[in-house]
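Shown next, in structure tokens, is the structure this report addresses.
Protein chains: 2
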Amino acid sequence: MATSTVENYLKAILLRTEGSDHIVSMGVLAEALDVVPGTVTTMVKALAEQGLLDHQSRQGVRLTEAGRQLALGVLRKHRLVETFLVQTLKMDWSEVHEEAEALEHAVSERVLAQIDDFLGHPTTDPHGDPIPDVNGSVAGGAASVTLLNCALNQPLCVARIIDQSPAFLEFVQQTGLKPGARLQVVRREPASGVLHCEVRPGGEVALGLPEAGKIAVRSVS
Amino acid sequence: MATSTVENYLKAILLRTEGSDHIVSMGVLAEALDVVPGTVTTMVKALAEQGLLDHQSRQGVRLTEAGRQLALGVLRKHRLVETFLVQTLKMDWSEVHEEAEALEHAVSERVLAQIDDFLGHPTTDPHGDPIPDVNGSVAGGAASVTLLNCALNQPLCVARIIDQSPAFLEFVQQTGLKPGARLQVVRREPASGVLHCEVRPGGEVALGLPEAGKIAVRSVS
DNA sequence: CGCGGTATTTTGACTAGTCAAAATATAATT
DNA sequence: AATTATATTTTGACTAGTCAAAATACCGCG
Chain A
0 MATSTVENYL KAILLRTEGS DHIVSMGVLA EALDVVPGTV TTMVKALAEQ GLLDHQSRQG
60 VRLTEAGRQL ALGVLRKHRL VETFLVQTLK MDWSEVHEEA EALEHAVSER VLAQIDDFLG
120 HPTTDPHGDP IPDVNGSVAG GAASVTLLNC ALNQPLCVAR IIDQSPAFLE FVQQTGLKPG
180 ARLQVVRREP ASGVLHCEVR PGGEVALGLP EAGKIAVRSV S
Chain B
0 MATSTVENYL KAILLRTEGS DHIVSMGVLA EALDVVPGTV TTMVKALAEQ GLLDHQSRQG
60 VRLTEAGRQL ALGVLRKHRL VETFLVQTLK MDWSEVHEEA EALEHAVSER VLAQIDDFLG
120 HPTTDPHGDP IPDVNGSVAG GAASVTLLNC ALNQPLCVAR IIDQSPAFLE FVQQTGLKPG
180 ARLQVVRREP ASGVLHCEVR PGGEVALGLP EAGKIAVRSV S
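For the record, the sequence lines run as chains A and B.
Under numbering that gives the first Met the number 0, the first residue of the first sequence is numbered 0, with each subsequent residue one higher.
Under numbering that gives the first Met the number 0, the first residue of the second sequence is numbered 0, with each subsequent residue one higher.
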């Protein structure tokens with residue numbers, strides 16, 4: 000069985016390739032996993048031995064099909080657990096990420112199947128991220144429209160929070176910009192770098208352009 | 000934070016002292032944890048350093064108050080998780096032990112509190128074992144009456160399955176001797192080493208005397 | 001082309017947990 | 001009391017994962 004360290008490496012790589020099969024650098028991985036770069040090199044070589052990824056020296060890594068399947072399994076556990084913690088155990092939307100980070104390595108397939116049944120086979124987690132199915136296919140990654148590149152004054156709905164950092168989640172929580180919330184973009188000010196939008200129950204919210212790119216939306220009729 | 004190995008050592012010791020503060024030998028521990036005796040000696044010395052237990056050389060170990068509290072916390076997680084898996088996720092009574100064995104080290108206090116609320120603060124798990132409360136006190140260990148030492152032809156109710164090995168659990172499952180089941184002991188045959196009892200919905204069951212001692216009961220009016 | 005800067009890899013060392021096997025202490029038996 | 005059996009401890013070695021710091025490769029730039 001894969002240790003939880005191995006699972007974390009693979010998941011981190013998967014999360015940073017997102018469909019496009021571009022290569023992930025050692026530095027990025029070291030940052031993501033909070034270890035020094037030398038450690039990543041060592042570990043990555045071991046994982047390449049096991050056939051879980053390809054390592055081009057001095058370039059970076061890319062998951063093999065076996066590695067991808069394993070990573071998708073972990074991601075599935077993570078997201079189903081998050082959904083469960085929010086929907087069933089009524090836990091706070093912005094704190095479940097860390098909890099799921101620990102639980103994803105301890106939940107067996109058997110338990111996961113029960114959770115999946117219990118929840119009625121959801122397809123997205125509370126942050127709007129798609130939940131891979133049992134066979135490892137992820138629901139269509141519809142080219143993401145964010146607050147940064149959407150039309151102005153159109154009725155929208157928050158589809159997904161891309162940046163999962165606790166601080167950002169907290170901000171989203173405060174302003175009511177959670178997945179499912181209705182809103183429309185009032186105006187963008189490239190000069191000041193600020194974007195204004197009108198959130199349905201809540202009022203006007205201002206946020207920086209980089210931050211706006213972290214909130215995916217879809218239009219509603 | 001205590002590693003899961005540490006948690007397992009402490010839990011194993013707690014489980015083998017059961018109220019009475021008698022000492023646990025290295026051999027018993029090695030057997031329980033499935034490691035060689037030398038490993039236990041090494042580990043135990045480290046735990047003694049940390050003040051989690053007392054180690055009398057060549058005799059055995061005994062938990063300190065700090066160690067006991069930690070072990071009770073783990074036991075509480077284990078039993079609440081078991082209860083949750085059976086009651087909420089409808090998992091099989093005889094398979095949850097192993098699952099809980101993994102989950103008990105990954106569930107945070109925060110998640111545990113939600114589970115406890117969700118279940119309505121149960122006091123015993125599906126095997127009839129008492130669940131320690133948040134402060135680490137275990138509901139009265141009423142001197143255990145088992146099928147071995149109870150009165151004959153009296154209406155009884157299974158209170159607890161003492162032997163948690165998968166094989167025994169499976170047998171209990173088959174014969175319907177689960178906690179809560181009604182029964183009465185028809186006769187004991189010391190000569191043949193067999194005990195016969197009448198289980199309420201199920202009929203007559205025969206079991207060996209050592210096995211009879213693994214099923215705790217209480218009388219019902 | 002050669003040079004500096006950045007990212008990556010290597011090297012040596014450390015911690016937690018483990019085993020195999022030899023050494024030692026304790027208890028049991030004759 | 002001497003010997004044997006049994007349990008415990010010690011010793012040396014190994015794996016997984018990690019860090020610090022030195023060595024190396026690669027990039028762009030003057």
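Just so it is clear, CB atoms sit at the ideal spot from N, CA and C, and this is done for glycine as well.
On the CB-based measure, 16 or more other CB atoms within 10 Å of its CB, does A/E81 come out buried or exposed? In the first sequence, counting from the first residue as 1, residue 81 of chain A sits at position 82. With 16 or more Cβ atoms within 10 Å of its Cβ, A/E81 is classed as buried.
If we define contact as Cβ-Cβ less than 9 Å, is B/E94 a contact residue for chain A? As a first step, residue 94 of chain B is located in the second sequence; it is residue number 95 there, counting from the start. Yes, because at least one Cβ of chain A sits closer than 9 Å to the Cβ of B/E94.
Taking B/L84 as the query, report the chain A residues whose CB atoms sit under 9 Å from its CB, ordered along the chain. The residue labelled residue 84 of chain B in the question sits at position 85 within the second sequence. Those are V110 and Q113, listed as they occur along chain A.
Enclosing beta strand (DSSP E) for A/L206 [first to last residue]: Numbered from its first residue, the first sequence carries residue 206 of chain A at position 207. Run containing A/L206: G202 to G207, per the beta strand (DSSP E) assignment.
Which runs of the beta strand (DSSP E) at least 3 residues long sit entirely within the region 131-191 of chain B? Give them in chain order. 155-160 and 181-188
Are at least three pairs of beta-carbons, each pair with one atom in the region 105-113 of chain A and one in the region 180-192 of chain A, less than 8 Å apart? no
Going by DSSP, what residue range makes up the alpha helix (DSSP H) through B/V198? Stepping through the second sequence from its first residue, residue 198 of chain B is reached at position 199. It is not in any alpha helix (DSSP H) - B/V198 instead sits in the beta strand (DSSP E) that spans V193 to V198.
Mind checking whether B/V216 and B/A166 have CB atoms under 9 Å apart? As a first step, residue 216 of chain B is located in the second sequence; it is residue number 217 there, counting from the start. As a first step, residue 166 of chain B is located in the second sequence; it is residue number 167 there, counting from the start. No, the Cβ-Cβ distance between B/V216 and B/A166 is not below 9 Å.
Buried or exposed for A/R67, going by 16 or more other Cβ atoms inside 10 Å? What you label residue 67 of chain A is simply residue 68 of the first sequence in a count that begins at 1. Under this definition A/R67 is a buried residue.
From A/L46 to A/L52, what distance separates their C-alpha atoms? As a position in the first sequence, residue 46 of chain A is number 47, starting the count at 1. As a position in the first sequence, residue 52 of chain A is number 53, starting the count at 1. When rounded, the distance between both Cα atoms is 6 Å.
Along chain A, which residues have their Cβ under 8 Å away from the Cβ of B/E98? Reading the second sequence from its first residue, position 99 is the one you call residue 98 of chain B. In chain order: S107, R109 and V110.
In the DSSP assignment, the beta strand (DSSP E) including A/D91 goes from what residue to what residue? The count along the first sequence starts at 1 and reaches residue 91 of chain A at position 92. No beta strand (DSSP E) holds A/D91; DSSP gives it neither H nor E.
What number of angstroms, rounded off, separates the C-alpha of B/D115 from the C-alpha of A/G59? Residue 115 of chain B sits at position 116 when you count from the first residue of the second sequence. Residue 59 of chain A sits at position 60 when you count from the first residue of the first sequence. Approximately 45 Å between the Cα atoms of the pair.
Sequence-distant residues of the same chain with beta carbon closer than 6 Å to A/E54, five excluded per side: As a first step, residue 54 of chain A is located in the first sequence; it is residue number 55 there, counting from the start. The amino acid occupying residue 54 of chain A in the given sequence is His; Glu does not appear at that position. Result list for A/H54: V43, A47 and V60, in chain order.
Based on Cα-Cα distance, which residue from A/Q49, A/N148 and A/S164 lies nearest to A/E188? Within the first sequence, the letter at position 189 stands for residue 188 of chain A. Measuring from the Cα of A/E188, the nearest candidate turns out to be A/N148.
Closest to A/S56 by C-alpha separation, out of A/S24, A/L176, A/P178 and A/L79, would be which residue? Taking the first sequence and counting its residues from 1, one reaches residue 56 of chain A at position 57. In this structure, A/S24 is the residue among A/S24, A/L176, A/P178 and A/L79 with its C-alpha nearest to the C-alpha of A/S56.
Presumed contact (8 Å Cβ cut-off) between B/E77 and B/Q163, rounded CB distance: One-based indexing of the second sequence puts residue 77 of chain B at position 78. One-based indexing of the second sequence puts residue 163 of chain B at position 164. Here the sequence assigns His to residue 77 of chain B, which means Glu is not the residue at that position. That pair is no contact at about 11 Å.
Distance between A/S191 and A/A11 (C-alpha atoms, nearest Å): Counted from its first residue, the first sequence places residue 11 of chain A at position 12. Counted from its first residue, the first sequence places residue 191 of chain A at position 192. For A/A11 and A/S191, the distance between alpha carbons rounds to 34 Å.
Determine, for B/F117, whether the minimum Cβ-Cβ distance to residues of chain A falls below 9 Å. The residue you call residue 117 of chain B lines up with position 118 of the second sequence. Output row for B/F117: interface = yes.
So, is the C-beta of A/T87 closer than 9 Å to a C-beta in chain B? Within the first sequence, numbered from 1, the residue matching residue 87 of chain A stands at position 88. Chain B contact via Cβ: present.
Report the three-state DSSP secondary structure of A/V27 (helix, strand or coil). Taking the first residue of the first sequence as 1, we reach residue 27 of chain A at position 28. Of the three classes helix, strand and coil, the one that applies to A/V27 here is helix, per DSSP.
Between which two residues does the alpha helix (DSSP H) harbouring B/G37 extend? Within the second sequence, residue 37 of chain B is the residue found at index 38, counting from 1. Here the alpha helix (DSSP H) through B/G37 covers P36 to E48.
Would you mind sorting A/A65 into buried or exposed? The rule is 16 or more other CB atoms within 10 Å of its CB. As a first step, residue 65 of chain A must be located in the first sequence, where it is residue number 66. Burial call: exposed.
Residues near A/V35 in its chain [Cβ-Cβ closer than 7 Å; skip 5 each side]: Here residue 35 of chain A corresponds to residue number 36 of the first sequence, with the count starting at 1. Once the five neighbours on either side are set aside, the close Cβ partners of A/V35 are A29.
How should B/E203 be labelled, buried or exposed, when 16 other C-beta atoms within 10 angstroms of its C-beta is the threshold for buried? Locating residue 203 of chain B in the second sequence gives position 204, where the first residue counts as 1. With fewer than 16 other Cβ atoms within 10 Å, it is exposed.
With a CB to CB cut of under 6 Å and the five nearest residues on each side skipped, what residues in its chain are close to B/E169? Along the second sequence, one-based indexing puts residue 169 of chain B at 170. Excluding positions up to five away in sequence, the list reads S93.
Step through the CB atoms of chain B and report whether any lies within less than 9 Å of the CB of A/M42. Taking the first sequence and counting its residues from 1, the one referred to as residue 42 of chain A is at position 43. Not an interface residue.
Sequence-distant residues of its chain with Cβ nearer than 7 Å to B/R199 (five each side left out): On the second sequence, residue 199 of chain B is found 200 positions in, with the first residue counted as 1. The residues are A180, R181 and L182.
On the three-state DSSP scale, how would you describe A/D116? In the first sequence, residue 116 of chain A corresponds to position 117, counting from 1. Three-state result, A/D116: helix.
I'd like to confirm the pairing. Which residues does DSSP put opposite A/D53 in its beta bridges? Taking the first sequence and counting its residues from 1, one reaches residue 53 of chain A at position 54. According to DSSP, A/D53 bridges with A/R61.
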